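**Student:** Here it is, the structure, as structure tokens.
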């Protein structure tokens, strides 16, 4: 198999790439928390959707999705790391195409 072989996602699978901007974060008090700090509680992760299977209904390529990083399968494609999920493992979707009154929340 060459490095340029096309890949098609099957069924309800979603291929995502972890946000690189999600490294360090700030507490509500303004303290910078480095990416290497282990949080005391369980933390979900944001990722960008790279590819979807034909049975995925609520997510589109380019959307940002929220998922549990402990429930993931990692894969390397053309030297880049991705995470493979089922659509049902996604907790939330952030996209400009969503209706403004669906959540009342903004990122």
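Numbering (the working numbering), first residue to last: 153 to 259.
Note that the Cβ used here is the ideal one computed from N, Cα and C, for glycine as well.
Keep in mind it's a predicted model, so treat the numbers as computed, not measured.
Nearest CA to the CA of residue 206: which residue from 157, 163 and 250?
**Tutor:** By one-based count along the chain shown, residue 206 stands at place 54. Ranking 157, 163 and 250 by Cα distance to residue 206 puts 163 first.
**Student:** Using C-beta distances below 6 Å, list every residue in its chain close to residue 242, excluding the 5 sequence neighbours before and after it, in chain order.
**Tutor:** Here residue 242 refers to the residue found at position 90 when the chain shown is read from its first residue. The residues are 217 and 219.
**Student:** Kindly indicate which residue of 237, 231, 210 and 248 has the alpha-carbon position closest to the one of residue 197.
**Tutor:** Walking along the chain shown from the start, residue 197 turns up at place 45. The candidate whose alpha carbon is nearest that of residue 197 is 237.
**Student:** For residue 239, does the three-state DSSP call read helix, strand or coil?
**Tutor:** Position 87 of the chain shown, counted from the first residue, corresponds to residue 239. Correct three-state label for residue 239: helix.
**Student:** Who are the near neighbours of residue 240 in its chain, counting only those whose CB is closer than 8 Å to its CB and skipping five residues on each side?
**Tutor:** Translated into positions along the chain shown, residue 240 becomes position 88. Around residue 240: 164.
**Student:** Taking the alpha carbon of residue 223 as the point to measure from, which residue in 181, 235, 157 and 204 has its own alpha carbon closest?
**Tutor:** To locate residue 223, count along the chain shown from 1; it is residue 71. The option with the nearest alpha carbon to residue 223 is 235.
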